[in-house]
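Before any comments, here is the structure.
Residue numbers (the working numbering): 429 to 607.
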């Protein structure tokens, strides 16, 4: 089977390792009752240097990691593991487009690229932030996403499944259903 991009589909092995690990983290988040979002950070050679998942509803977490707070998003879990410094050649891979908080944390962490698998309709237009502020514009990462195909679809379905369980008539569920 040939994909629209001209690449052949070789099953799960054809999915780059950062996406496989981010998907695994998203599934762990989903299975623990959180929004199913996972993220990883890779260095310039593509080696995974940090992994994270949504832990908003977790009572426990690895030492030094956020949990039981609305701040415990997958991207924040990854970025909080970084030491002070600049990361312009690093890439953050997230299964869901980063929200305003996470996008701001990426800017403050000086990460050079963000890849996301599924768009988050709650934050439509966030890519216009650099036009509002020179500091944001100076550090705004290259953004690539969303993914087409089954990986992108799955990454969009996990947050929808959570929203439908939590509050099927809420703003999050309505926004994700329109996407």
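Note that the Cβ used here is the ideal one computed from N, Cα and C, for glycine as well. Remember, it's a predicted structure, so these values are computed and weren't measured experimentally.
Whole-angstrom Cβ separation of residue i and residue j, contact assumed at under 8 Å?
| i | j | result |
| --- | --- | --- |
| residue 508 | residue 496 | With 8 Å as the limit, residue 508 and residue 496 do not qualify as a contact, their Cβ atoms being about 15 Å apart. |
| residue 479 | residue 506 | 7 Å |
| residue 549 | residue 500 | Wrong, their Cβ atoms sit about 22 Å apart, outside the cutoff. |
| residue 540 | residue 578 | 28 Å between Cβ atoms; not a contact. |
| residue 485 | residue 464 | 12 Å between Cβ atoms; not a contact. |
| residue 469 | residue 518 | 6 Å |
| residue 545 | residue 580 | 5 Å |
Please decide whether residue i counts as near chain B, where near means a Cβ-Cβ distance under 8 Å.
| i | result |
| --- | --- |
| residue 576 | Any reference to chain B falls outside this structure, which holds one protein chain only. |
Once the 5 residues before and after residue i are set aside, which same chain residues still bring their CB inside 8 Å of it?
| i | result |
| --- | --- |
| residue 466 | 449, 450, 451, 452, 453, 454, 455, 456, 457, 479, 480, 481, 482, 502, 522 and 523 |
| residue 504 | 480, 494, 529, 530 and 533 |
| residue 538 | 513, 514, 515, 516 and 567 |
| residue 605 | 588 |
| residue 476 | 445, 446, 449, 468, 469 and 470 |
Using DSSP bridges, identify the partner residues of residue i.
| i | result |
| --- | --- |
| residue 522 | 467 and 544 |
| residue 572 | 543 |
| residue 478 | 469 |
| residue 515 | 539 |
Quick one: what's got a C-beta closer than 7 Å to residue i's C-beta in the same chain, skipping five residues either side?
| i | result |
| --- | --- |
| residue 600 | 550 and 591 |
| residue 570 | 540 and 541 |
Beta-carbon within less than 6 Å of residue i's beta-carbon, same chain only, minus the 5 sequence neighbours each way: which residues are those?
| i | result |
| --- | --- |
| residue 547 | 525 and 574 |
Are three or more beta carbon pairs between the region 523-532 and the region 582-600 nearer than 8 Å?
yes
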